[in-house]
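Engineer:
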Amino acid sequence: MINIGFIGAGSLANAMHYPSVNAMDDVCIKAICDLNEERLQSTAERFHVAQTYTDYHRMLDEVELDAVYVIMPPVFLKPIVLDCLAARKHVFMEKPPGTSVAEALEMAHAADHHKCIAMCAFNRRFSPVVVEAKKLVDARGPITQCMVEFHKYHIGDAKWDYYNVGMFETDVIHVVDLLRHFGGEVTEVDSYVQTWYSDQENVFNALVRFEGGATGFLTANRASGTRHERFELHGNGIGAYIRAPQSAEVYTENKTEPTSLEGSGLAGSDQAYMTYGFYGESRHFIDCVKTGEQPLTNLFDAAKSRELVDRILEGGRRP
Ligand SMILES: NC(=O)c1ccc[n+]([C@@H]2O[C@H](COP(=O)([O-])OP(=O)(O)OC[C@H]3O[C@@H](n4cnc5c(N)ncnc54)[C@H](O)[C@@H]3O)[C@@H](O)[C@H]2O)c1
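Following this note's numbering, the numbering of the sequence shown begins with 10 at its first residue and continues without gaps.
(1) Any idea if Ser-269 is buried or exposed, counting beta-carbon neighbours within 10 angstroms, 16 or more meaning buried?
(2) Under a Cβ-count criterion, where at least 16 other Cβ atoms within 10 Å of its own Cβ denotes burial, should Asp-199 be classed as buried or exposed?
(3) Quick check: the stretch 170-185 against the stretch 258-269, are there 3 or more CB pairs under 8 Å?
(4) Among residues of its own chain, excluding the 5 on either side of Gln-203, which ones have a beta-carbon nearer than 6 Å to its beta-carbon?
(5) Quick one: does the C-beta of Ile-13 sit closer than 7 Å to a heavy atom of ligand 1?
(6) Pull every residue with its beta-carbon under 6 Å away from any heavy atom of ligand 1, and keep them in chain order.
(7) With a Cβ-Cβ cutoff of 8 Å, do Gly-289 and Phe-135 count as a contact?
(8) Hey, quick one: how far does the beta strand (DSSP E) through Thr-284 stretch, first residue to last?
(9) Between Gly-286 and Arg-133, how many whole angstroms is the CB-CB distance? I'm expecting something under 8 Å.
(10) Report all residues from its chain with a CB closer than 7 Å to the CB of Pro-105; omit the five preceding and five following residues, and keep chain order.
(11) Within a Cβ cutoff of 7 Å, which residues of the same chain sit near Ala-95, ignoring the five residues on either side of it in sequence?
(12) Pick from Ala-76, Leu-188 and Asp-70: whose alpha carbon is nearest that of Ile-339?
(13) When the Cβ atoms of the stretch 235-253 are set against those of the stretch 146-161, are three or more pairs found closer than 8 Å?
(14) Quick one: using the 10 Å Cβ neighbour count with 16 as the cut-off for buried, is Asn-45 buried or exposed?
(15) Beta carbon of Ile-80, beta carbon of Glu-47: below 8 Å?
(16) Between which two residues does the beta strand (DSSP E) harbouring Asp-199 extend?
(17) DSSP three-state call for Leu-44: helix, strand or coil?
(18) If you measure between the beta carbons of Leu-74 and Ile-126, is that distance less than 8 Å?
(19) Apply the 10 Å Cβ neighbour rule to Thr-300 and answer buried if 16 or more other Cβ atoms are within range, or exposed otherwise.
(20) Since Tyr-250 sits in a beta bridge, which residues does DSSP pair it with?
(21) Check for me: the beta strand (DSSP E) holding Glu-158 runs from which residue to which?
(22) On the three-state DSSP scale, how would you describe Glu-27?
(23) Check each candidate in Ala-111, Cys-42 and Asp-166 and name the one with the smallest Cα separation from Gly-19.
(24) Apart from the five residues on each side of it in sequence, which residues of its chain come closer than 6 Å, Cβ to Cβ, to Ala-40?
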């Protein structure tokens with residue numbers, strides 16, 4: 010049995026991470042910590058957790074834990090993650106990995122030093138439709154092209170405001186990471202960043218070249234009409250068109266009928282925490298804790314996604 014503690018009983022944690030680990034037979038949520046008493050108690054009741062804390066130092070001292078989930082906005086992450094690692098606990102955190110490449114690397118080196126597993130959650134990689142579509146494309150040889158598209162409406166009253174951490178660094182990073190997952194190591198980046206109908210950067214375009222020769226495109230428009238997310242993967246006579254977490258259509262060799270993949274069927278559930286990859290990423294983390302293997306999205310890897318974020322932003326800010 011892997012004993013875990015949570016620091017953070019907020020909204021995303023309650024919607025996705027508590028249900029994910031709660032669904033595993035080999036994981037026990039031993040304790041929860043949150044500064045907010047109301048959230049702490051309601052989450053503890055919902056998931057039947059007896060030990061509750063408002064001071065995470067006490068939780069780390071008093072409860073026998075193998076791993077800690079630290080789920081909160083990126084501005085608060087680093088000191089808490091470093092304390093957990095110093096207490097020799099494996100750590101799972103949400104994206105982004107802190108507020109900068111430097112913070113991500115500091116946490117990565119601390120995990121290395123204390124011989125702990127530290128994983129940054131990028132759920133898109135683990136969404137069953139993405140996993141399955143990628144498997145079909147990869148089976149025919151290297152990919153040639155990939156595309157990630159992630160639009161939202163963040164103007165007017167819906168303006169982005171998240172503890173002064175930008176929407177590209179915090180949210181669009183999901184698909185920056187996915188582009189790396191599809192394409193591999195990045196060699197060249199060209200980008201164009203714009204500000205439309207707002208006083209914050211909100212239109213992002215990037216063209217990326219990968220070591221293996223493939224090219225990747227990123228488009229994210231946060232002055233658009235609504236949330237719309239779509240990915241493409243092209244390989245040897247195969248093209249996958251993915252609308253995660255719902256579905257994907259995979260076309261091969263000029264056939265007009267695609268192979269259709271359906272998210273809830275693949276996940277065995279229509280719950281978002283299952284279809285959108287949250288369960289899958291936690292399963293991967295717990296398996297790595299058990300085997301000692303490095304997670305796919307360990308903090309050194311997450312730092313590379315954070316670095317690509319900077320390259321796209323800095324290169325794209327043209328007069
Ligand atoms: N994967 C996704 O699609 C997705 C979507 C939304 C948010 N996120 C990520 O999730 C994270 C936010 O998670 P959330 O929505 O559950 O957070 P939240 O802001 O709703 O809650 C954070 C909780 O942490 C607690 N907290 C803060 N500092 C603490 C401390 N020192 N000790 C104990 N408790 C403390 C707060 O009291 C609060 O209850 C961010 O990293 C964000 O980027 C990911």
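Built from N, CA and C at the ideal position, the CB exists for glycine as well.
Structural biologist: The structure says:
(1) On the sequence shown, position 260 is the one that residue 269 refers to. Counting Cβ neighbours within 10 Å, Ser-269 comes out exposed, since fewer than 16 surround it.
(2) One-based indexing of the sequence shown puts residue 199 at position 190. Classification for Asp-199: exposed.
(3) no
(4) Counting from 1 along the sequence shown, the entry for residue 203 is found at position 194. Answer for Gln-203: Val-212, listed in chain order.
(5) Here residue 13 refers to the residue found at position 4 of the sequence shown. No, the beta carbon of Ile-13 sits no closer than 7 Å to any heavy atom of ligand 1.
(6) Ile-16, Gly-17, Ala-18, Gly-19, Ser-20, Leu-21, Ala-22, Cys-42, Asp-43, Leu-44, Asn-45, Arg-48, Tyr-65, Ile-80, Met-81, Pro-82, Pro-83, Phe-85, Ile-89, Glu-103, Lys-104, Asn-132 and Thr-179
(7) Counting from 1 along the sequence shown, the entry for residue 289 is found at position 280. Counting from 1 along the sequence shown, the entry for residue 135 is found at position 126. Cβ distance < 8 Å, so Gly-289 and Phe-135 count as in contact.
(8) Sequence index remark: in the sequence shown, residue 284 carries index 275 (1-based). First-last for Thr-284: 281-284, but that is the alpha helix (DSSP H), not the beta strand (DSSP E).
(9) Start at 1 with the first residue of the sequence shown, and residue 286 comes out as number 277. Start at 1 with the first residue of the sequence shown, and residue 133 comes out as number 124. Going by Cβ atoms, the distance from Gly-286 to Arg-133 rounds to 6 Å, so yes, they are a contact pair.
(10) Position 96 of the sequence shown holds residue 105. Within the same chain, Pro-105 has close Cβ partners Pro-83, Glu-178, Thr-179, Ile-182 and Arg-315.
(11) What you label residue 95 is simply residue 86 of the sequence shown in a count that begins at 1. So the qualifying residues of the chain are His-123.
(12) No answer is possible for residue 339: the residues shown for the chain start at 10 and end at 328.
(13) yes
(14) Your numbering for residue 45 matches position 36 in the sequence shown. With fewer than 16 Cβ atoms within 10 Å of its Cβ, Asn-45 is classed as exposed.
(15) In the sequence shown, counting from the first residue as 1, residue 80 sits at position 71. In the sequence shown, counting from the first residue as 1, residue 47 sits at position 38. The answer is no: Cβ separation not under 8 Å.
(16) On the sequence shown, residue 199 is found 190 positions in, with the first residue counted as 1. Note, Asp-199: beta strand (DSSP E), 195-203.
(17) Start at 1 with the first residue of the sequence shown, and residue 44 comes out as number 35. Looking at Leu-44 - three-state DSSP - the assignment turns out to be coil, as it is neither helix nor strand.
(18) Locating residue 74 in the sequence shown gives position 65, where the first residue counts as 1. Locating residue 126 in the sequence shown gives position 117, where the first residue counts as 1. No, Cβ-Cβ distance for Leu-74 and Ile-126 is not below 8 Å.
(19) Residue numbering aside, residue 300 sits at position 291 when the sequence shown is read from its first letter. Result: exposed.
(20) Here residue 250 refers to the residue found at position 241 when the sequence shown is read from its first residue. According to DSSP, which records beta bridges pairwise, Tyr-250 is partnered with Glu-241 and Glu-258.
(21) Walking along the sequence shown from the start, residue 158 turns up at place 149. Taken as a continuous stretch (DSSP letters only), the beta strand (DSSP E) holding Glu-158 covers 154-162.
(22) Mapped onto the sequence shown, residue 27 falls at position 18. In the sequence under discussion, the amino acid at residue 27 is Tyr, which differs from the Glu named in the question. In this structure, Tyr-27 counts as helix in the three-state DSSP scheme.
(23) On the sequence shown, residue 19 is found 10 positions in, with the first residue counted as 1. Checked all of Ala-111, Cys-42 and Asp-166; the closest Cα to Gly-19 is Cys-42.
(24) In the sequence shown, counting from the first residue as 1, residue 40 sits at position 31. Within the same chain, Ala-40 has close Cβ partners Gly-14, Gln-60, Met-68 and Val-72.
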